[in-house]
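K.L.:
Structure in structure tokens, see below.
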Amino acid sequence: METTELLKRVRRIEIKTKGLSRQIFAGEYHSAFKGRGMSFSEVRGYQYGDDVRSIDWNVTARTNEPFVKVFEEERELTVMLLVDISKSSFFGTTNQLKNELITEICAVLAFSATNNNDKVGLLLFSDRIEKFLPPKKGRGHILRIIRELLDTRPQGEGTDLGLALTYFTNMVKKRSICFLLSDFLAEDYEKPLRLAARRHDLIGMHLYDPRERELPDVGLIHARDAETGAMEWIDTSSRRVRQRYTAWYEKHLAYYLNAFQKAGADTLSMETTEDYTKGLLRFFKGR
Numbered sequence: 001m002e003t004t005e006l007l008k009r010v011r012r013i014e015i016k017t018k019g020l021s022r023q024i025f026a027g028e029y030h031s032a033f034k035g036r037g038m039s040f041s042e043v044r045g046y047q048y049g050d051d052v053r054s055i056d057w058n059v060t061a062r063t064n065e066p067f068v069k070v071f072e073e074e075r076e077l078t079v080m081l082l083v084d085i086s087k088s089s090f091f092g093t094t095n096q097l098k099n100e101l102i103t104e105i106c107a108v109l110a111f112s113a114t115n116n117n118d119k120v121g122l123l124l125f126s127d128r129i130e131k132f133l134p135p136k137k138g139r140g141h142i143l144r145i146i147r148e149l150l151d152t153r154p155q156g157e158g159t160d161l162g163l164a165l166t167y168f169t170n171m172v173k174k175r176s177i178c179f180l181l182s183d184f185l186a187e188d189y190e191k192p193l194r195l196a197a198r199r200h201d202l203i204g205m206h207l208y209d210p211r212e213r214e215l216p217d218v219g220l221i222h223a224r225d226a227e228t229g230a231m232e233w234i235d236t237s238s239r240r241v242r243q244r245y246t247a248w249y250e251k252h253l254a255y256y257l258n259a260f261q262k263a264g265a266d267t268l269s270m271e272t273t274e275d276y277t278k279g280l281l282r283f284f285k286g287r
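Numbering (the UniProt record's numbering), first residue to last: 1 to 287.
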């Protein structure tokens with residue numbers, strides 16, 4: 001993509017998603033994700049009902065009056081966006097591709113995080129690690145994240161969720177809020193998922209196109225596998241073929257839901273035709 005066109009697209013996404021993050025998600029994001037713990041704020045005079053364990057004995061001894069320590073929640077968090085950019089993400093049969101939906105959702109999450117003074121990092125992967133941006137703050141960093149989401153094309157052919165989760169666990173030691181965005185058309189990632197979920201607050205965001213869930217009856221088609229490049233004739237008028245296709249999709253979906261449930265991690269599914277703002281709001285309020 002040419003630089004001028006890329007910058008225009010980045011700006012359009014910034015205008016749309018920055019407004020959403022401020023007007024809609026600011027409060028919901030803040031309440032959905034708690035800080036790391038409690039930090040000391042100040043001391044004040046003891047009041048009836050205060051926990052005696054919070055008394056500051058040093059100040060009390062100096063002033064000869066009882067004072068208590070006041071603590072507040074530490075709000076600064078680290079948000080990590082783990083994004084599947086394998087070739088299957090460049091697929092769409094409606095008004096947008098899956099990767100276009102993923103980019104907008106990531107932008108909303110990133111601006112919501114930066115509005116709360118949180119750091120944001122990015123990991124792009126296929127069947128290899130394509131790009132890693134360590135967590136940072138600031139508008140400039142968020143715009144770079146958007147640029148990478150728009151302009152990075154995968155070098156790998158397939159999808160390896162286990163590799164991405166293992167890399168993330170090894171690289172990000174500090175506890176973080178991790179959004180894993182993928183179509184989850186892969187398996188064999190249960191163990192690294194479980195390890196990542198022990199250390200981080202992990203959310204799996206399943207993004208899919210309606211034609212991935214159900215194959216339409218449009219006769220004989222010549223289709224190419226987005227990740228392997230293999231060409232194949234498919235008779236979509238065959239009921240057995242359509243049922244087998246649906247079973248393949250549901251098998252991967254069941255694996256995804258079961259793996260995240262076992263790991264104690266949250267899940268969220270959204271179709272490319274859906275208004276993602278409603279889906280995100282439902283998710284935030286559900287937490």
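We put the CB at the ideal spot given by N, CA and C, even for glycine.
State buried or exposed for Lys18, treating a residue as buried only when at least 16 other CB atoms are found within 10 Å of its CB.
P.N.:
With 16 or more other Cβ atoms within 10 Å, it is buried.
K.L.:
State the DSSP-derived secondary structure class of Lys69, mapped to helix, strand or coil.
P.N.:
Reduced to three states, the DSSP call for Lys69 is strand.
K.L.:
Would you kindly work out how many angstroms separate the C-alpha atoms of Gln47 and Glu76, rounded to a whole number?
P.N.:
Taking the straight line joining both Cα atoms gives about 29 Å.
K.L.:
Under a three-way DSSP split, which group does Thr3 fall into?
P.N.:
Helix at Thr3.
K.L.:
Tell me, please, which residues DSSP counts as bridged to Lys119.
P.N.:
Thr78, per the DSSP bridge assignment.
K.L.:
Return the residue from the list Gly156, Pro66, Leu7 and Ile105 that minimises the CA-CA distance to Ser88.
P.N.:
Comparing Cα positions, the closest option is Gly156.
K.L.:
Assuming the contact rule is C-beta atoms closer than 8 Å, Arg22 and Asn115 should be a hit. Round their C-beta distance to whole Å, please.
P.N.:
Indeed they touch by this definition, with Cβ atoms about 6 Å apart.
K.L.:
What do you get for Glu5, buried or exposed, if any count of 16 or more other CB atoms within 10 angstroms of its CB means buried?
P.N.:
Classification of Glu5: exposed, given that the 10 Å Cβ count is below 16.
K.L.:
Considering only residues of the region 129-196, which uninterrupted beta strand (DSSP E) runs meet the minimum length of 3 residues and lie entirely inside it, listed in chain order?
P.N.:
The qualifying runs are 129-136 and 177-182.
K.L.:
Among the candidates Leu220, Tyr245 and Leu149, whose CA atom is the shortest distance from the CA of Trp233?
P.N.:
Nearest C-alpha to Trp233: Leu220.
K.L.:
Give me, in chain order, the residues of the same chain whose beta-carbon lies closer than 8 Å to that of Gly264; leave out the 5 immediate sequence neighbours on both sides.
P.N.:
Correct list, in chain order: Ala197.
K.L.:
Can you look up Gly286 in the DSSP assignment and give me helix, strand or coil?
P.N.:
Three-state result, Gly286: helix.
K.L.:
Comparing C-alpha positions only, which one of Ser86, Leu161 and Cys178 sits nearest to Ala110?
P.N.:
The shortest C-alpha separation from Ala110 is found at Cys178.
K.L.:
Pull the bridge partners of Arg242 from the DSSP assignment, please.
P.N.:
DSSP output for Arg242 lists no bridge partner at all.
K.L.:
Pull up the DSSP beta-bridge partners for His206, would you.
P.N.:
BP columns for His206 point to Ser182 and Ser269.
K.L.:
Is it right to say Arg12 is buried, meaning 16 or more other beta carbons lie within 10 angstroms of its own, or is it exposed?
P.N.:
Exposed, since its Cβ has fewer than 16 Cβ neighbours within 10 Å.
K.L.:
What does the alpha-carbon distance come out to for the pair Lys191 and Phe90?
P.N.:
Their Cα atoms are separated by approximately 27 Å.
K.L.:
According to DSSP, is Ile15 helix, strand or coil?
P.N.:
Note: Ile15 maps to helix in three-state DSSP.
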